[in-house]
Amino acid sequence: MIVLGIETSCDDTGVCLFHSEKGILSNVVSSQIKLHAEWGGVYPDLAAREHTKNIIPVLDKAVKEAGIHLNDIDAVAVTVAPGLIVSLVIGISSAKALSWSLKKPLIPVHHIEAHIFAIFIEQAIQFPFIALVVSGGHTELYIIRGFEDYIYLGGTLDDAAGEAYDKVARILGLGYPGGPIIDRLAKKGREVVKLPRPLMKDRGKNRFNFSFSGLKTAVMREVEKGFYSKEDIAHSFQEAVVDVLVGKTVDAVIEYGIKNVVVAGGVSANSRLRERFQEESQKTGFSVYFPPLYLCTDNGAMIAYTGYRRFKETGRTVGLNFEGKARLRLDRFVDYIRREAGQ
Amino acid sequence: MFKKKVKVSSVDELKSFAEKLSPCLKGNELILLIGDLGSGKTTFTKFLISAIDLKAGEEVSSPTFSVMNIYETEKFTVYHVDLYRVKEFDMSDIIGKGIVIVEWPDEEMNKFEEVPTIILKFDIHDEDKRIIELDLIKADYVKQCI
């Protein structure tokens, strides 16, 4: 079967056509990062307008590149949560229009779920596994026992890891997005100051939660002192973030006796994070998997694939009155669509 | 307009300040939080909402990326807006419908004349010390709580 996937939850308008046997037929992404950099920020209305402007050309290009006709599509999958609501709505409305006009089922997909399952496009991972999802807006740890069988372990209490990267980049007077810039700069620096590892040793209710707000403040303090170079601060900051992300994930691996780990989301592209996970996996004895780089950032392929998987495994589809949600935790999303699907 | 400066010397004192303030809120206020990165705006928000509804407080996280988080407390809805990376945000749909807390507000945001407005300016002094400058506009009833 062929599933069309639409993603508009954040800065990128993504459309993909996924074939159950042949894999990705086309995967087109139009990014607004340049636009936001140019204006020095996001205009939510402008972002929504850009999605509105992009969605048809991106869809058209995806269909043409796949060499199919709209009528060949068997189902439409779309990101319904979480995200900027005005942006989500553009993708959802487009998906509804297609679903209605083509008379094909509409499949809801959760953005975080899609990030986690993106890796299955290239390789199957054995359940159960620990999933660490890290991006600009998210830092969450789950046990994935199977498709639609998710246990939430923890998440950030304040800033997401990617957000900390962006804000530290701003403190250091670097550009946007901060992740790749700091990653590059950190390679030229040393760990000159041991920055805090927030909640790292917590064995109570915050054992699997994260907090990066205090770390950001600590970086600011060091910058104000003016002793250290940007490279050294970038390096020290990255070591602290990576230590916490890897440390908490390994703690979950040991606690629950799970042998596989999937690291997903934009920050999973970070070179130091990948390096440290590789080291730890050998030391502790687990396997770690990262999606290929083209699937780390937001894209339509992960939506199309996860939608296909949902259709195949549970057949949960929704009607045209289904509404997106700006905030909805992945484990609760499963309950939400179960209710909506009347199952 | 009422003005006051409050000194908090630790995270715990910030929490006490939020806890003291919370019973005075009627549920339609606009709260503007001004201050640098790391000055305690999100932390304060978490404490304030926890004081209103402990469970809702657990939901509070930085809205920098999502732009707006919505929390349903036992008493009223709280809209937690962050304009750090955002330009031009239309608040007309939410203003007065619950407590609207705005981090990184733009300068024109205290023009909602009909709405009781609380402006909190966070100034960083040393590691955990903050001077909070508080302005009340049409919200004099909050005085008794601080």
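Sequences listed follow chains A and B, in order. If you count by our numbering, then the first sequence holds residues 501 to 843, one letter each, in order. If you count by our numbering, then the second sequence holds residues 3 to 148, one letter each, in order. Where a beta carbon is used, it is the ideal one built from N, C-alpha and C, also for glycine.
Taking the alpha-carbon of residue i as reference, which of the options has the nearest alpha-carbon?
i, options, result
"I103(B)", "N71(B), E110(B), K89(B)", "N71(B)"
"L504(A)", "T784(A), V818(A), T806(A)", "T806(A)"
"T639(A)", "N706(A), G654(A), P628(A)", "G654(A)"
"T784(A)", "T814(A), V753(A), K812(A), S530(A)", "V753(A)"
"F4(B)", "I121(B), D128(B), K89(B)", "I121(B)"
"I590(A)", "P605(A), V558(A), I612(A), I619(A)", "V558(A)"
"E74(B)", "G29(B), S18(B), D137(B)", "G29(B)"
"F124(B)", "G42(B), K17(B), L27(B)", "G42(B)"
"D666(A)", "S509(A), L598(A), F708(A), K716(A)", "K716(A)"
"T47(B)", "L136(B), G59(B), K7(B), G37(B)", "G59(B)"
"R829(A)", "V529(A), G583(A), H519(A), A669(A)", "G583(A)"
Return the bridge partner residues of residue i from the DSSP annotation.
i, result
"F518(A)", "V503(A), I524(A)"
"F4(B)", "L138(B)"
"I126(B)", "R132(B)"
"I120(B)", "I33(B), L138(B)"
"E640(A)", "V633(A), G655(A)"
"K9(B)", "I133(B)"
"G678(A)", "Bridge partners of G678(A): none, in fact."
"A734(A)", "Its beta-bridge partners do not exist; DSSP assigns none."
"S787(A)", "N760(A)"
"Y650(A)", "I644(A)"
"D606(A)", "Looking at the sequence provided, one finds Leu at residue 606(A) rather than Asp. In the DSSP output, where bridge partners are listed per residue, L606(A) has V576(A), V818(A)."
"V563(A)", "Paired residue(s): none; V563(A) is not in a bridge."
"F710(A)", "T656(A)"
Can you tell me where the alpha helix (DSSP H) with residue i in it begins and where it stops?
i, result
"F492(A)", "Lying before the first or after the last residue shown, residue 492(A) is absent from chain A, which here runs from 501 to 843."
"I72(B)", "No alpha helix (DSSP H) contains I72(B), which is instead part of the beta strand (DSSP E) from 70 to 74."
"Y794(A)", "793 to 796"
"E105(B)", "From DSSP, E105(B) is part of no alpha helix (DSSP H) but of the beta strand (DSSP E) over 101 to 105."
"A723(A)", "The amino acid occupying residue 723(A) in the given sequence is Val; Ala does not appear at that position. From DSSP, the alpha helix (DSSP H) with V723(A) extends over 713 to 725."
Of all the CB atoms in chain A, is at least one closer than 9 angstroms to the CB of residue i?
i, result
"I72(B)", "yes"
"V69(B)", "yes"
"R132(B)", "no"
"G37(B)", "no"
"A92(B)", "Here the sequence assigns Asp to residue 92(B), which means Ala is not the residue at that position. With 9 angstroms as the cut-off, D92(B) counts as an interface residue toward chain A."
"S63(B)", "yes"
"T79(B)", "no"
"T75(B)", "no"
Any beta carbon of chain B sitting closer than 9 angstroms to that of residue i?
i, result
"D831(A)", "no"
"R697(A)", "no"
"D835(A)", "no"
"G679(A)", "no"
"R670(A)", "yes"
"H638(A)", "yes"
"E720(A)", "As written in the sequence, residue 720(A) is Met, which differs from the Glu given in the question. By this cut-off, M720(A) is an interface position."
"I630(A)", "no"
Beta strand (DSSP E) containing residue i: first to last residue?
i, result
"Y81(B)", "79 to 84"
"T579(A)", "575 to 581"
(message) Below 8 angstroms, how does it come out for the segment 685 to 700 of chain A and the segment 731 to 738 of chain A: are there three or more Cβ pairs, yes or no?
(response) yes
(request) Decide yes or no for the touch test of the segment 661 to 680 of chain A against the segment 6 to 13 of chain B: beta carbon pairs closer than 8 angstroms, at least 3 of them. (result) no
(message) Across the segment 652 to 668 of chain A and the segment 626 to 641 of chain A, are there enough close Cβ pairs to call them in contact, namely three or more that are closer than 8 angstroms?
(response) yes
(request) Indicate whether the contact test is met: 3 or more Cβ pairs, each with one atom in the segment 503 to 517 of chain A and one in the segment 568 to 577 of chain A, closer than 8 angstroms. (result) yes
(message) Three or more C-beta pairs under 8 angstroms: does that hold for the segment 764 to 775 of chain A against the segment 617 to 632 of chain A?
(response) yes
(message) For the segment 801 to 816 of chain A against the segment 598 to 610 of chain A, do three or more pairs of beta-carbon atoms, one drawn from each stretch, fall closer than 8 angstroms, so that the two count as touching?
(response) yes
(message) With three or more C-beta pairs closer than 8 angstroms as the rule, is the segment 25 to 39 of chain B touching the segment 89 to 109 of chain B?
(response) yes
(request) Count the C-beta pairs between the segment 794 to 803 of chain A and the segment 505 to 520 of chain A that are closer than 8 angstroms, then say yes if the count reaches three, no if not. (result) yes
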